[in-house]
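Peer 1: One line per chain: the protein sequences are G and A, in this order. For the first sequence, our numbering assigns the number 1 to the initial residue and increments by one for each residue that follows. For the second sequence, our numbering assigns the number 1001 to the initial residue and increments by one for each residue that follows. Positions of the beta carbon are idealized from the N, C-alpha and C atoms, including for glycine. Submitted below is the structure of interest, expressed as structure tokens.
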Amino acid sequence: MIRLKQFLALAGLTAVEVLRQPVSLLLFVTALACMGMSPLFLLHNFGESGKIVRDGALALHMFLGFMLAGYSSCSVMAREIRSGTASAVLSKPVGRELFFLAKYAGVVVVVLFFSLCATGGTLLAEKACEKFYFSSRLVGYYVDNTTGVLLLLCPGAACLIGAFVNVVRKRPFVTAALSSAGVLMLLLVVGACFINEMGRPQSFYCLYDLRLIKASLLICAGLTVVAAIALLLAVRLNTVQAMTALTIIFLLGWVSHYFFGRNADASVAASLLYGLLPDWQHFWMGDRLSDEGVIPTSYAVRAVCYAATYSLAILTAGAALFSNSEMK
Amino acid sequence: MSEAKSEAIVSVKGLRKTFRDFWGRAKVEAVRGIDLEIRKGEIFGLLGPNGSGKSTTIKILLGLLHATGGDVSVLGKSPSSVKSKERIGYLPEETYVYSYLTPRETLMFYGRLFDMDNARIKERTQQLLEMVGLTHVSDRQVGEFSKGMARRTGLAQALINDPDLVILDEPTSGLDPIGCRQVKDLMLELARNGKTILLSSHLLADVEDVCDRVAILFNGEIKAEGKVEDLLKETDSLSLTMPSVEEGKLEEIRQFAAKLSGGAVQVDHPSMDLESFFVDVVNRAGDEKGEMSGAASGTDIAEFLKNVS
């Protein structure tokens, strides 16, 4: 019971620490603002605005999520080791493995929060973008400007609320702004169901492309792998070194199937390298969603299992490495 | 030393520590065969210049660094034992606190790492905040604090679990003279209540004021160890304190003493040390105190630390 209490205390502290970093707010705001702008300011889309907005939103989710998961993991671990707060905590009756895993759990909580907001943003951006409708009710190209503008205003409104809470309640601005962004996004996702394809009021009706939820879930699974790798690297490297190594692994992971995965049956070395490197392609479903494609549930389950297994292996190695490391 | 103080709380035999570089090559031999024994209820001082191995030794005792050789036992267990840390309080050399937490949040957080219910954590947090004089700033972030105020937070977190062994690395660093005096009084009070204290400090006056025994480290080796009074006693001279007398009588005394001792006699007025003078002045000024933005003077030792074990 005490171990669980310690785990929750450490994970909660890590999540709060990450959520109070200005860089977290910057990444959240950038993601939501870019998602909001994409349906409103698209030019020369050749009738492909749905695909462009969808791919753009998923790419923002993936890339900014990578930045958030990677930087947060590196900073909470490397900075704590170097600043001495890890020593202070480990001088208490806290096991090193528990400390390491709690740090991971704290970062994952923030990644999940980011993914929830990004998923909401993706659904709203896709709903707002220009589409061709051909039905008894509606024929032609329409843009839902209302939803798009509301999405674009969301990060700004969150920052204003954060500033207000900071002035009146003396709460940290970043945390208040991020909490507001989450609440506003939830309200907006529900509220946009009362807005039709042309941006006018309607009775409740869901116009979202729900396939995007599965695609976003897979990206979120990929981001948990990023967090695990970053945490492992940060045990021995400082933040800059760890982020550099993580970026190289991230880039190699995109081509691991092309270079190693295809030859895995023929070569032991290729098989080994393909097993060691994460294959991010498993988590990218942007292309699959074109032409009304669907993501089979069985595939999503397998990809999530891959992420969980890979993360578990990395975390086991990380916990072992951290157990033997010295706190200077 | 009484029977109650005979139990060894910390035992170190032949401790060695070599730091290695990235490739595993020996870089620095920080500790070279230290033998130490710290007994229950004792205030033990670890002295030495920078780089003499004091902090390294302390971190090995806490299991934060791994010894290259030798035997170490803390509270009868290996330093790597998580269980033994339930009875240890540690104030690091630098104040390692989370800058975005308030002192209250900091103490609550550290309290949750021990097997205590929330009511007890809250109670102890309040008592410790009062003890270190931070009650009125308990809702400000530690990152906004002066070094001394952050140090007080660090000291409070080291005592949240009512530890049997308190390890203090430069506890008075960054504190004002009143804070220094309070920390020294606190150490004496803790020792009176049966706690064992390991103190590492550069400030020799601090160590002299509170320590029962000291060890002086140099280049990773113990160069001197023993009771403070034994180490400092000058057995070939005497000092005598008496009420002031007029100049003529003083000369008679001087001549008489010179005749008896057969050597030169020095006569002067004893003076109050600067720390005592400063504390006196500030305490008098404090009688007219208004609202303070910094740390307040603090109160007596927290109630929960008074239980004699």
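Ordered along the chain, which non-local residues of its own chain (more than five positions away) have a Cβ less than 8 Å from that of A/I1208?
Peer 2: Residue identity differs from the one stated: residue 1208 of chain A is Glu in this sequence, not Ile. Counting only Cβ-Cβ distances below 8 Å, and skipping sequence neighbours, we find V1228, L1232.
Peer 1: Against chain A, does G/L90 count as a neighbour if the rule is that its beta carbon must be under 9 Å from one of theirs?
Peer 2: It does; some Cβ of chain A falls within 9 Å.
Peer 1: If we count the other Cβ atoms within 10 Å of its Cβ and call it buried at 16 or more, is G/R20 buried or exposed?
Peer 2: Looking at its Cβ environment, which holds 16 or more other Cβ atoms inside 10 Å, G/R20 is buried.
Peer 1: Using a threshold of 9 Å, state whether the C-beta atoms of G/M285 and A/L1064 are closer than that.
Peer 2: In this structure, A/L1064 does not lie closer than 9 Å to G/M285 by Cβ.
Peer 1: Just tell me which of G/S73, G/T309, G/L68 has its CA closest to the CA of G/R412.
Peer 2: Residue 412 of chain G lies beyond the range of chain G shown here (1 to 328); nothing can be said about it.
Peer 1: For chain G, is any of its Cβ atoms less than 9 Å away from the one on A/V1097?
Peer 2: Chain G, which has a Cβ nearer than 9 Å to the Cβ of A/V1097, makes this yes.
Peer 1: Could you name the residues of the stretch 1061–1075 of chain A whose beta carbon sits closer than 7 Å to any beta carbon of chain G, in the order they occur along the chain?
Peer 2: Answer in chain order: L1062, L1064, L1065, H1066.
Peer 1: For the stretch 103–118 of chain G, which residues have a beta carbon sitting closer than 9 Å to at least one beta carbon of chain A?
Peer 2: Listed by position, the residues of the stretch 103–118 of chain G near chain A (Cβ gap below 9 Å) amount to none.
Peer 1: At a CB-CB cut-off below 9 Å, which residues of chain G make contact with A/L1113?
Peer 2: Under the 9 Å cutoff, chain G gives I2, K5, Q6, A9, L10, V89, K92, P93, V94.
Peer 1: Using a Cβ-Cβ distance under 9 Å, would G/R20 count as near chain A?
Peer 2: So yes, G/R20 belongs to the interface.
Peer 1: Expressed to the nearest angstrom, what Euclidean distance is found between the alpha-carbon atoms of A/V1137 and A/E1221?
Peer 2: Taking the straight line joining both Cα atoms gives about 43 Å.
Peer 1: Which value, in whole angstroms, describes the spacing of the CA atoms of G/F134 and G/L252?
Peer 2: Whole-angstrom Cα-Cα distance: 43 Å.
Peer 1: Please look up how many angstroms separate the CB atoms of G/L58 and G/T122, rounded, as I've assumed it's under 8 Å.
Peer 2: Right, the Cβ-Cβ distance comes to about 6 Å (below 8 Å), so this counts as a contact.
Peer 1: Residues of chain A with CB under 8 Å from G/S179, in chain order?
Peer 2: Simply none; closest approach about 15 Å.
Peer 1: Could you tell me whether any Cβ in chain G is nearer than 9 Å to the Cβ of A/Q1141?
Peer 2: Judged by the 9 Å Cβ criterion, A/Q1141 is in contact with chain G.
Peer 1: Can you find a C-beta in chain G that's less than 9 Å from the C-beta of A/E1144?
Peer 2: No, because no Cβ of chain G sits closer than 9 Å to the Cβ of A/E1144.
Peer 1: In whole angstroms, what is the alpha-carbon distance linking G/Y258 and G/S271?
Peer 2: C-alpha separation (whole angstroms): 12 Å.
Peer 1: For chain G, check one thing: does any of its Cβ atoms lie closer than 9 Å to the Cβ of A/I1088?
Peer 2: Interface residue, yes.
Peer 1: Do A/A1191 and A/I1043 have their C-beta atoms closer together than 9 Å?
Peer 2: For A/A1191 and A/I1043, yes; Cβs fall inside 9 Å.
Peer 1: For a test of the three-state rule: what should DSSP assign to G/R137, helix, strand or coil?
Peer 2: Note: G/R137 maps to coil in three-state DSSP.
Peer 1: Assign A/D1021 to one of two classes, buried (16 or more other C-beta atoms within 10 Å of its C-beta) or exposed (fewer than that).
Peer 2: Exposed.
Peer 1: Checking contacts by CB at 9 Å: is A/P1171 closer than that to chain G?
Peer 2: False, the Cβ-Cβ gap to chain G never drops below 9 Å.
Peer 1: What's the C-alpha gap between A/D1035 and A/T1241?
Peer 2: For A/D1035 and A/T1241, the distance between alpha carbons rounds to 39 Å.
Peer 1: Taking only beta carbons into account, state which residues of the stretch 63–87 of chain G come closer than 7 Å to chain A, listed in chain order.
Peer 2: Per Cβ criterion, the list reads S83, G84, T85, S87.
Peer 1: Looking only at its own chain, which residues have a Cβ that is under 6 Å from the Cβ of G/A313, when we skip the five neighbours before and after it?
Peer 2: None.
Peer 1: Can you list, in chain order, the residues of its chain whose CB lies under 6 Å from that of A/P1171, leaving out five sequence neighbours each side?
Peer 2: Around A/P1171: L1091, V1183.
Peer 1: Please report the residue range of the alpha helix (DSSP H) in which A/V1208 lies.
Peer 2: The question names Val, but residue 1208 of chain A in the sequence shown is Glu. Residues 1204–1210.
Peer 1: My understanding is that A/G1076 touches A/L1015, with C-beta atoms under 8 Å, so please give their C-beta distance in whole angstroms.
Peer 2: Their Cβ separation, rounded to whole angstroms, is 17 Å, which puts A/G1076 and A/L1015 out of contact at 8 Å.
Peer 1: With a threshold of 8 Å, are at least 3 pairs of Cβ atoms found where one atom belongs to the stretch 296–312 of chain G and the other to the stretch 212–225 of chain G?
Peer 2: Cβ pair count under 8 Å is three or more, so yes.
Peer 1: Is any beta-carbon of chain G found at less than 9 Å from that of A/K1005?
Peer 2: With a pLDDT of only 49 at A/K1005, under the threshold of 50, the placement of this residue in the model should not be trusted; the figure read from the coordinates follows. Output row for A/K1005: interface = no.
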